[in-house]
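Asker: Take any residue in the sequence shown, note its place counting from 1, add 183, and you have its number in our numbering.
In this text, a Cβ means the ideal position worked out from N, Cα and C, and glycines have one as well.
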Amino acid sequence: MDRRHVLASLAALPLAARAQGQPPRLLVGFPAGGSVDATARRLAEFARGKLADSVLVEQRVGAGGRIAIAALKDAAPDGQTLLVSPSSMFTIYPHAYRKLAYHPANDVIAVAPLALSTCGFGVGPMVPATVRTLAQFADWAKANPDKAAYASPAAGAMPHFLGNQFERAAGLALTHAPYRGAAPGMQDLMGGQIASGCFSVGDFLPHLAAGRVRLLGVTDKARSRFAPDVPTFEEQGFKGIVGVETYGLFVPARTPQAVVDKLSDVARAAVREPAVVEALAKLGFEPLSQAPADYARRLAAERDYWGPVVKASGFSSDD
């Protein structure tokens, strides 16, 4: 297709969306109020008037985000159904779920990343206020095995395996409690129903000042600018526990390249918009911009990295 045809296709996209009588749907596999939902809503707000008159955010919650991906896979490849998702569903789930209902590379197209998110490990009021480091938590957990548990936003997601890596490195026996998204897990952590949790740093941020939770460590190679006083796992002697999640935009396989390019242009413009950057910062996210091919390569490299980590955890599921 020559340049004139591509430009014509791009120009026609918003009109085509309106002609179908339905606004584009932006699927989210996690509950309202969490970081995935908030990211999707900022993108939808920015995209109004650029893709169509309106863009609807539609929750398809369940199975750790897999229900939303299955809905995307079965949707028409016309740019009308999109997905915002963490990268775990495409980089870690293939190693964790034996009967995954989608192929992470063949059934979807990675359009663009939107943000980078560092994970953090924190504790709530069940754990004494004197516990301020990962080593101190390990000592407390060994002395209180009946309470030694950690929450994550989903079984098979990155925080699940980061928590498992810490468990094994510290010689602990932690019970893993997967939730349907970060929001309900954080509620139980703050309410004292569970001792600890591994979530996005952004999920902890609104509650740190009030002391409702304490962030003990972050999982990037460097400290998070959003929590500069919190040392990394590696700084605290837990080497190799590193995990940074991307949140990205996806469409069904066989979506025309002109549509993918248009959506990529909108996504990349969004993460340069000051209002969007500010909104992402409130979530503890750093904006990230890559072309579709570069993002696909990044996800492929992450799949290779997480394979041995998942295998070492012993976790697998037919569910």
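1) Between Gly426, Phe213, Gly375, which has its C-alpha nearest Ala405's C-alpha?
2) Excluding the five sequence neighbours on either side, which residues of its own chain have a C-beta within less than 8 Å of the C-beta of Ala332, listed in chain order?
3) Between Ala293 and the ligand FMN, is there a pair consisting of the residue's CB and a ligand heavy atom that are separated by less than 7 Å?
4) Starting from the C-beta of Pro214, find all residues in its chain whose C-beta is less than 8 Å away, skip the five residues before and the five after it, and write them out in chain order.
5) Rounded to the nearest angstrom, what separates Leu190 and Asp290 at their Cα positions?
6) Using the DSSP secondary-structure output, state which residues sit across from Pro336 in a beta bridge.
7) Can you tell me which of the three DSSP states Thr264 falls into?
8) Which partner residues of Glu469 appear in the DSSP bridge assignment?
9) Let's see if you can read the secondary structure: which residues bound the beta strand (DSSP E) around Tyr280?
10) In whole angstroms, what separates the C-alpha of Ala326 from that of Val384?
11) Under the three-state reduction of DSSP, which class applies to Val442: helix, strand or coil?
12) Assign Phe409 to one of three DSSP states: helix, strand, or coil.
Answerer: The relevant details are as follows:
1) Of the listed residues, the one whose Cα sits closest to Ala405 is Gly426.
2) If you ignore the 5 residues before and after Ala332, its C-beta comes within less than 8 Å of the C-beta of Leu357, Thr358, His359, Ala360, Ile377, Ala378, Ser379, all in its own chain and listed in chain order.
3) Only the bare structure without any ligand can be found here, which leaves the ligand FMN out of the picture.
4) Within the same chain, Pro214 has close Cβ partners Asp220, Gln242, Val244, Arg363, Gly364, Ala366, Pro367.
5) Bear in mind that the predicted position of Leu190 carries a pLDDT of just 36, short of 50, making it unreliable; the figure below should be weighed with that in mind. If you take the alpha carbons of Leu190 and Asp290, they lie about 26 Å apart.
6) Residue pairing by DSSP leaves Pro336 without any beta bridge partner.
7) In the three-state DSSP reduction, Thr264 falls in the strand class (E or B).
8) In DSSP, Glu469 forms a bridge with Leu299.
9) Premise fails: Tyr280 is in no beta strand (DSSP E) and is neither H nor E.
10) If you take the alpha carbons of Ala326 and Val384, they lie about 27 Å apart.
11) Taken through DSSP and simplified to helix, strand or coil, Val442 comes out as helix.
12) Phe409 falls in the coil class under three-state DSSP.
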